[in-house]
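Take a look at the structure set out below.
Number of protein chains: 2
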Amino acid sequence: MDKLDTIDVAILRTLQEDGRISNANLAEKVGLSASACSRRLDILEKSGVIRGYHARLSNKALDYTMTAIVHISLSGQFEKTLSEFEAAVKRCPNVLVCYLMSGEYDYILRVAAKDLQDYERIHKEWLSALPHVVRINSAFALREVIDRPNIDVDKR
Amino acid sequence: MDKLDTIDVAILRTLQEDGRISNANLAEKVGLSASACSRRLDILEKSGVIRGYHARLSNKALDYTMTAIVHISLSGQFEKTLSEFEAAVKRCPNVLVCYLMSGEYDYILRVAAKDLQDYERIHKEWLSALPHVVRINSAFALREVIDRPNIDVDKR
DNA sequence: ACGAACCATGAAATGTCCTTGCGAAGTGTG
DNA sequence: CACACTTCGCAAGGACATTTCATGGTTCGT
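Protein chains in written order, with numbering that gives the first Met the number 0: chain G, 0 to 155; chain L, 0 to 155.
So, in structure tokens, the structure goes:
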């Protein structure tokens, strides 16, 4: 993808807000004909600027009301240690986010659980079983203040 | 929404993976006629189980390659203190996630930046300006190991 | 300046899709 | 059994997506 012009950004911004808008409505919003809009969208998808479309589900409706932030330290920073840990953590379905970090802890995880009892199970079955871990620190989210899927494209 | 049956879960799982699939293809995948599928989808959307559809953009393509995790402590836990802080943090477009937490820090933020210089600007213009803050701790993500939009619906 | 190559566009056409109405089949209850 | 209730599939009409094609604008090199 060479570069994004004003219309591309408008398309991205619109699809960020409503990923299921029809091509016809999208075209009208960004001031293009349907055909031109369809072609540009095709390019944006194929070039990788748009990585996919996803339904955002209500965790509440799915009974996942609890979010835990878990800080983890490993016994070393060797590449083998890291990759073994990462392979294991990827297998846990309750881990939604995992970053290798600079700073005090090596990894930060966001874990979804149904309730405290469910988290206890996850901690026992998954987190405790992760290799090379020397320290785990769990904290629980009391309230979700912000949860944006992406940064607003306007601000790029 | 009363409860989700097997077909509902199949619909949700499919839309989580491909939020822009046509109703006809979706119907075929879950083993329903297009009309029945369209009606069920309508119910799932209106009842709030599906909170929206969003295009997932390439942060790389948008030049947002840097992720910072910011821990923040406030001077108190009074409701007024919290709500003033939250109102302010919501205005910063670079803050993608913000949780009120139990534990050592009061809030955890995920912040998107273009590079270290951009983060310095965000820190100066936004984070330092947040009210009631007594401690800020920034750590940077070296690698994104996992980034799932939702928990896999199968595992509920 | 001129023409060729290139690119993005809008209009039109065609095939597909979405939604609504309708009747039928299944389920639970009095 | 009879009734209410729900969900289904089918069909039809209108909306939509995508391809084709001709046009206008821009960028080159001569």
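Even glycine gets a Cβ: it sits at the ideal position worked out from N, Cα and C.
Query	Result
Partners in chain L for LEU95 of chain G, counting only beta-carbon separations shorter than 9 Å	ILE145, ASP146, ARG147, PRO148, ASN149, ILE150
Unbroken stretches of the alpha helix (DSSP H), 4 residues or longer, contained in the region 13-91 of chain L	22-29, 33-45, 78-89
Given 8 Å, three or more beta-carbon pairs between the region 99-106 of chain G and the region 67-77 of chain G	yes
VAL133 of chain L classed as buried or exposed, judged by whether at least 16 other C-beta atoms fall within 10 angstroms	exposed
Cβ neighbours of ALA138 of chain G in the same chain (closer than 6 Å, five flanking residues each side left out)	ILE68
Cutoff 8 Å: TYR52 of chain L Cβ touching any chain G Cβ	yes
Assigned exposure category for ARG109 of chain G - 16 Cβ within 10 Å defines buried	buried
Residues within the region 57-87 of chain L neighbouring chain G, beta-carbon criterion of under 7 Å	SER57, ALA60, LEU61, ASP62, TYR63, THR66, ILE68, GLU85
Straight-line Cα distance separating LYS89 of chain G from LYS123 of chain G	16 Å
CB contact below 8 Å: ARG39 of chain L versus chain G	no
Coil, strand or helix - LEU108 of chain G by DSSP	strand
Assigned secondary structure, LYS154 of chain L (DSSP; H/G/I helix, E/B strand, else coil)	Only weak support exists for where LYS154 of chain L lies, its pLDDT of 49 falling under 50; the coordinates are left without a value.
Nearest neighbour of GLU78 of chain L, chosen from L:GLU16, L:HIS131, L:ILE150 [CA to CA]	L:HIS131
CB contact below 8 Å: ALA9 of chain G versus chain L	no
Buried versus exposed, by CB contacts within 10 Å (16 or more), ILE49 of chain L	buried
Minimum Cβ-Cβ distance from LEU14 of chain L to chain G less than 8 Å	yes
Beta carbon proximity, ALA23 of chain L to chain G, threshold 8 Å	no
Contact belief for LEU126 of chain G with ALA111 of chain G at Cβ below 8 Å, rounded distance in angstroms	Not a contact, Cβ separation roughly 13 Å.
Any chain L beta carbon closer than 8 Å to TYR98 of chain G	yes
DSSP state of GLY115 of chain L mapped onto helix, strand, coil	First, the residue type needs correcting, since residue 115 of chain L is Leu and not Gly in the sequence shown. In this structure, LEU115 of chain L counts as helix in the three-state DSSP scheme.
Inter-residue spacing [alpha-carbon to alpha-carbon] between MET100 of chain L and GLU27 of chain G	43 Å
For ILE10 of chain L: DSSP bridge partner residues	ILE10 of chain L pairs with nothing; no bridge assigned.
Exposed unless 16 or more other CB atoms sit within 10 angstroms - verdict on LEU115 of chain G	exposed
DSSP state of LEU3 of chain G mapped onto helix, strand, coil	coil
Cutoff 8 Å: ARG142 of chain L Cβ touching any chain G Cβ	yes
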